[in-house]
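Student:
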Amino acid sequence: MDIATTIEPQKYAIYARKLVKKFGNFIADDNLNFEVHPGEIFGLLGANGAGKTTAIKMMTGLLKPTSGILKVNGYDIYSESEIIRKSIGYMSQKFSLYEELTIYENIRFFGGIYGLNLKSIKSRAEWAEHTFSLSGFMDKRVSNLPLGWKQKVAFVVASIHNPAIIFLDEPTGGVDPSVRRNFWDNIYQASINGTTIIVTTHYMDEAEYCQRICIMDQGIIKAIGKPNELKNKFLVNTMNELFIKIVRN
Amino acid sequence: MRTLLFLIQKEFLQIFRNKMMLPIIFGVPIIQLLILVNAATYEIKNIKVGIIDYDKSTLSQKFIMKIQGSHYFILTNNYLSTIEGISAIDNNSIKALIVIPKYFERDVLLNRNPIKIQLLNDAINSVNAAITYSYFQQLFNSFIKEEINKNSIEQPDNINIIPRFRFNVDFDYKKYMVPGVLVMLITVISFVLGALNIVREKEVGTIEQINVTPIKKYEFIIGKLFPFWIIALLEFTIGLTLGKLVYNIPIVGSIPLLYMVAGVYLIILLSLGLFISTIVDTQQQATLLAFFFLMIFILLSGLFTSLESMPKWILLVNKINPLAYFIQTIRMILLKGSGFWDILPNFIAIVVLAILSMSLAILRVRKTD
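Chains as they are written, first to last, in our numbering: chain A, 1 to 249; chain B, 1001 to 1369.
1) Tell me the residue span of the beta strand (DSSP E) that contains valine 1212 of chain B.
2) So, do the region 1318-1334 of chain B and the region 23-36 of chain A have three or more beta carbon pairs nearer to each other than 8 Å?
3) Grouping DSSP H, G and I as helix and E and B as strand, with all else coil, what is glutamine 10 of chain A?
4) Heavy atom of the ligand GDP less than 7 Å from the Cβ of lysine 122 of chain A, yes or no?
5) Under 8 Å between C-beta atoms, does glycine 112 of chain A make it to chain B?
6) If you draw a straight line from the C-alpha of isoleucine 1117 of chain B to the C-alpha of isoleucine 1035 of chain B, how long is it?
7) Confirm, please, whether the CB-CB distance from valine 1317 of chain B to leucine 1300 of chain B is below 8 Å.
8) Any idea if aspartate 29 of chain A is buried or exposed, counting beta-carbon neighbours within 10 angstroms, 16 or more meaning buried?
9) Less than 8 Å between CB atoms is the rule here; does asparagine 1211 of chain B satisfy it with respect to chain A?
10) Who are the near neighbours of lysine 1224 of chain B in its chain, counting only those whose CB is closer than 7 Å to its CB and skipping five residues on each side?
11) Kindly confirm or deny that the region 1303-1321 of chain B and the region 1213-1228 of chain B touch, where touching means at least three C-beta pairs closer than 8 Å.
12) Do you know offhand how far threonine 1206 of chain B's Cα is from serine 92 of chain A's?
13) What are the boundary residues of the alpha helix (DSSP H) that includes glutamine 1118 of chain B?
14) In chain B, which residues lie less than 7 Å from serine 81 of chain A when you measure between Cβ atoms?
15) I need the straight-line Cα distance from valine 964 of chain B to proline 1345 of chain B, nearest angstrom please.
16) Just grab the DSSP bridge partners of cysteine 210 of chain A for me.
17) Determine the DSSP secondary structure at leucine 134 of chain A, reduced to helix, strand or coil.
18) Using CA coordinates, which residue listed in A:Met204, A:Leu19, A:Ile224 is at the minimum distance from tyrosine 78 of chain A?
19) What does DSSP give as the partner residues of arginine 17 of chain A in its beta bridges?
20) So, for isoleucine 197 of chain A: in the same chain, excluding its five sequence neighbours on each side, which residues have a beta-carbon less than 6 Å away from its beta-carbon?
21) Could I get the ranges of all uninterrupted beta strand (DSSP E) runs contained in the region 155-191 of chain A, with 3 residues as the minimum, in chain order?
22) Compare the beta carbon distance of aspartate 1053 of chain B and asparagine 1078 of chain B with 8 Å and say whether it is the shorter of the two.
23) On a Cα-Cα basis, can you pick out the residue from A:Tyr203, A:Arg248, A:Asn232, A:Leu242 that is closest to glutamine 218 of chain A?
24) Indicate the three-state DSSP secondary structure (helix, strand or coil) for leucine 145 of chain A in the structure shown.
25) In chain A, what lies closer than 9 Å to isoleucine 1131 of chain B by C-beta?
26) Verify whether the separation of the beta carbon atoms of histidine 202 of chain A and glycine 46 of chain A is less than 8 Å.
27) Between the C-alpha atoms of isoleucine 113 of chain A and leucine 1272 of chain B, what's the straight-line distance to the nearest angstrom?
28) So, is the C-beta of glutamate 100 of chain A closer than 8 Å to a C-beta in chain B?
29) Can you tell me where the alpha helix (DSSP H) holding glutamate 1201 of chain B begins and where it ends?
30) Cβ atoms of valine 1212 of chain B and arginine 85 of chain A: under 8 Å apart, would you say?
31) So, helix, strand or coil for phenylalanine 1304 of chain B, using DSSP?
32) Report, in whole angstroms, the separation of the C-beta atoms of leucine 1240 of chain B and leucine 1182 of chain B, which I expect to be a contact under 8 Å.
33) Pick out the complete alpha helix (DSSP H) segments inside the region 64-128 of chain A, 4 residues or longer, and give them in chain order.
34) Which residues share a DSSP beta bridge with threonine 196 of chain A?
35) So the candidates are B:Ile1051, B:Pro1250, B:Ala1129; which of them puts its Cα closest to the Cα of glutamine 1068 of chain B?
36) Any beta-carbon of chain A closer than 8 Å to the one on asparagine 1018 of chain B?
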C-alpha cells in the first residue's frame, strides 16, 4: 500500500509540457509547462478563472487534456490514469463529503474504496482523530459540522490512503483566518512526511507558505519559482505587490 | 470485491438516513396498490340510461323492469321524445338512451323478425360504449327468448355458446390487474431511484471525490444497483402479500420462479435508470427523462390494453420493452401456474435485456470528462 516508494527519485511528481485544455473555443489552460518535485508544496496562484482548477482537474484525471504531455508520479495521464488514481488524493473546493454520513463513516467509505481493509481504516481513523483533534466528533454527521470541520474531514479523506501527492483545490475558501492557519499546519505536517502538496489559492498570504509558486492569469503561466526569488526578481516586497505587478503586465 | 461492500454499505446508510426516502419507497406503492387496483377495472357497472317508451304496453313495462333489475344499468329517467333523450346524453346526465318503438309487444308476441329496439349510446369512451352495447344486447336477447319460449311451443333455432373461462374462472378483473399494478409500481420505483441516484452525487459534488479514486466502473454500477435491487424485491414481496391478503389473487405457479424473473427484470430497470443518471446533469432532467420512458414502457406493455390488438410495428417496439415481457410472464406464473419451460422464451429475452442495459450503464460511466 506504500505507493510513495513506486516513484523513482529522478522522476517528477508532476511533469507538464505544452499542456492545453479547451472548452469549445474557450482556452482554459494554454501551453502550460511546469514540473513539481516530490515532497514539495507547490502553489497555483491566480484570480478566479485563471485556469487553476482546470489544471488540477487534469492532474487528478477528472478532465482530459486537449493536448500536451502530462505525467503524474511518472505515469502518463492518458493511458495510465487508473494507476495514477491509486497514488493521489484530492480535496475539492466544495469539500465533497457525504452529508448524511458521520465523519467516521466518510473515512471508512473512502478508505474502503481505496482498497484499505477495516484494520487499516481503523488505524487511519485514529490517526485522523488525533492529528485533527476530531475526538468526540467521529460519530457526528457531516451535515451538522461547521465549515472549518468539513475542511478538516475533507483533508483527511484526501489523505486517507497515504497518497504520494495530495491536490487541494482552494482548500481554505470560506473559512476564517485562524482556521486557515491551523489548516496550513496540517499541510506542513503532511509535507514533512514526504507527501507532495499541490494547492490552488487566491489568498496571497497562503502563497508565502508554498515552497514554489506558479502564478497564472487567463490560462497562462506568468511566473514560476520560489516566493522570495520571485519577489527579488520583480523588485517587490510583498506577495500582493508581486501578484499585481505580474498580472497587470 | 471488498470495495463493493463498502459502496453498498454507504448506499444503504444514505437511504436509511434520508427521512423522506423510506416512506416514499414503501408507503406510496402500498397506498397505490390499495387504490389503483380498484380504479383500473374494465368492468362497467351503474351505467346511467334513459328510456323512451313509445309502446306503453305490458311487455315494454316488463322489459323496463328487467333493465331496472340489472346491476349494470341505472334507469335515471323516462323521456317523452327522442330529442329530449338525446339532449340528456348531450349534457352527460345519461350515457345511453333506450328507445322502445311502437308495436314492440305485438312484434314480440307474433314472433316477427326482426324485433326492433333502439340503443343510443354515448361513444366518447369507445370501450365503455362497446361494453354498454354488449350488456344491453345480452339483456335484450335473454328477455326476448324468455318471452318467445313462454308463448310458443316451437324452440328458436338459436345456438347457445356457454363459455368456460380458464385461469380466472370468476372473470375477476382484480386478478388480472393486481399483478399488473404490482409490476408497474416496482418498475416506477426502481427506474426512478436509479435515475435520480448518480445525478444526485453530481449535483452535490461527491461524484468528483469518487472519480479520483481507483474504483472500477463495474464496481460503481453494481454498488449503486444492489441496494435498490434488494429494496425493490422487498417491495415486490410486500405487494404480492398485499395482493394475496387484500385481493386474494391466486398464486398458482412457483414462487421461486417468480422471484427469479423479478430479480433479473429489476436489474434491467435499475441499470436503465442508472444509465439515464449518467447522461443527465440535474435530477430534474433525470425525472423528466425517466417518466418519458416509463410512459412508453407502461402504455405499450399490455398492462392496460391488450397486446394482441396493437399494430404490428408496436409489437416490434415491444420486443425491447422489458415491461411487456415481465407483465406477461408474471401473469403466466401467478394465474396460469406456468412453469420454467413455458416462460423460457420470455425469460431469455429478459436476461438478454438485463445484460445489455447493465453493459450500457457500465460503459457510460465517465470518470474523466
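For glycine and all other residues, C-beta sits at the position ideal for the given N, C-alpha and C.
Tutor: For this structure:
1) Residue mapping note: residue 1212 of chain B aligns to position 212 of the second sequence, counting from 1. No beta strand (DSSP E) holds valine 1212 of chain B; DSSP gives it neither H nor E.
2) no
3) Here residue 10 of chain A corresponds to residue number 10 of the first sequence, with the count starting at 1. Note that glutamine 10 of chain A scores a pLDDT of 47, beneath 50, so its modelled location is shaky; the value from the coordinates is reported in the next line. In the three-state scheme derived from DSSP, where H, G and I count as helix and E and B as strand, glutamine 10 of chain A is classed as coil.
4) In terms of ligand content, the structure shown is empty, and the ligand GDP therefore cannot be addressed.
5) One-based indexing of the first sequence puts residue 112 of chain A at position 112. Closer than 8 Å to some Cβ of chain B, the Cβ of glycine 112 of chain A qualifies, so yes.
6) Here the question's residue 1117 of chain B lines up with position 117 in the second sequence. Here the question's residue 1035 of chain B lines up with position 35 in the second sequence. Distance between the alpha carbons of isoleucine 1117 of chain B and isoleucine 1035 of chain B: 39 Å.
7) As a working note, residue 1300 of chain B is residue 300 in the second sequence. As a working note, residue 1317 of chain B is residue 317 in the second sequence. Yes.
8) For the purposes of this step, residue 29 of chain A is identified with residue 29 of the first sequence, where counting begins at 1. Buried, since its Cβ has 16 or more Cβ neighbours within 10 Å.
9) Here residue 1211 of chain B corresponds to residue number 211 of the second sequence, with the count starting at 1. With 8 Å as the cut-off, asparagine 1211 of chain B counts as an interface residue toward chain A.
10) The count along the second sequence starts at 1 and reaches residue 1224 of chain B at position 224. Counting only Cβ-Cβ distances below 7 Å, and skipping sequence neighbours, we find Glu1011, Asn1197, Ile1198, Leu1274.
11) Below 8 Å, too few C-beta pairs join the region 1303-1321 of chain B and the region 1213-1228 of chain B to call them touching: fewer than three.
12) Within the second sequence, residue 1206 of chain B is the residue found at index 206, counting from 1. Within the first sequence, residue 92 of chain A is the residue found at index 92, counting from 1. Taking the straight line joining both Cα atoms gives about 9 Å.
13) As a first step, residue 1118 of chain B is located in the second sequence; it is residue number 118 there, counting from the start. No alpha helix (DSSP H) holds glutamine 1118 of chain B; the beta strand (DSSP E) holding it covers 1118-1121.
14) Within the first sequence, numbered from 1, the residue matching residue 81 of chain A stands at position 81. Under the 7 Å cutoff, chain B gives Thr1368.
15) Given a span of 1001 to 1369 for chain B in the structure shown, any question on residue 964 of chain B remains unanswerable.
16) Start at 1 with the first residue of the first sequence, and residue 210 of chain A comes out as number 210. Beta-bridge pairing links cysteine 210 of chain A to no other residue.
17) By 1-based counting over the first sequence, the position of residue 134 of chain A is 134. Looking at leucine 134 of chain A - three-state DSSP - the assignment turns out to be coil, as it is neither helix nor strand.
18) One-based indexing of the first sequence puts residue 78 of chain A at position 78. Minimum Cα distance to tyrosine 78 of chain A is reached at A:Leu19.
19) Mapped onto the first sequence, residue 17 of chain A falls at position 17. Bridge partners of arginine 17 of chain A: A:Ile69.
20) Within the first sequence, numbered from 1, the residue matching residue 197 of chain A stands at position 197. Residues Ile41, Ile166, Ile187, Ser191 of the same chain have their beta carbon placed closer than 6 Å to that of isoleucine 197 of chain A, with the five preceding and five following residues left out of the count.
21) 165-169
22) Numbered from 1 along the second sequence, position 53 holds the residue referred to as residue 1053 of chain B. Numbered from 1 along the second sequence, position 78 holds the residue referred to as residue 1078 of chain B. It is a contact, given that the beta carbons lie within the stated cut-off.
23) Working through the first sequence from its first residue, we reach residue 218 of chain A at position 218. Comparing Cα positions, the closest option is A:Arg248.
24) Numbered from 1 along the first sequence, position 145 holds the residue referred to as residue 145 of chain A. Reduced to three states, the DSSP call for leucine 145 of chain A is coil.
25) For the purposes of this step, residue 1131 of chain B is taken as residue 131 along the second sequence, with counting starting at 1. Within 9 Å Cβ-Cβ: nothing; isoleucine 1131 of chain B doesn't reach chain A, min ~52 Å.
26) On the first sequence, position 202 is the one that residue 202 of chain A refers to. On the first sequence, position 46 is the one that residue 46 of chain A refers to. In contact: histidine 202 of chain A and glycine 46 of chain A (Cβ atoms closer than 8 Å).
27) Along the first sequence, read from residue 1 onward, the residue named residue 113 of chain A stands at position 113. Along the second sequence, read from residue 1 onward, the residue named residue 1272 of chain B stands at position 272. Cα-Cα distance, rounded: 24 Å.
28) As a working mapping, residue 100 of chain A is identified with position 100 in the first sequence. Interface residue, yes.
29) Counting from 1 along the second sequence, the entry for residue 1201 of chain B is found at position 201. For glutamate 1201 of chain B, the enclosing alpha helix (DSSP H) stretches over residues 1173-1204.
30) For the purposes of this step, residue 85 of chain A is taken as residue 85 along the first sequence, with counting starting at 1. For the purposes of this step, residue 1212 of chain B is taken as residue 212 along the second sequence, with counting starting at 1. Closer than 8 Å, so yes.
31) On the second sequence, residue 1304 of chain B is found 304 positions in, with the first residue counted as 1. Coil at phenylalanine 1304 of chain B, not helix or strand.
32) Working through the second sequence from its first residue, we reach residue 1240 of chain B at position 240. Working through the second sequence from its first residue, we reach residue 1182 of chain B at position 182. Indeed they touch by this definition, with Cβ atoms about 7 Å apart.
33) 81-86, 103-113
34) For the purposes of this step, residue 196 of chain A is identified with residue 196 of the first sequence, where counting begins at 1. Paired residues: A:Ile165.
35) Counted from its first residue, the second sequence places residue 1068 of chain B at position 68. Answer by Cα proximity: B:Ile1051.
36) On the second sequence, residue 1018 of chain B is found 18 positions in, with the first residue counted as 1. Yes, asparagine 1018 of chain B counts as interfacial toward chain A.
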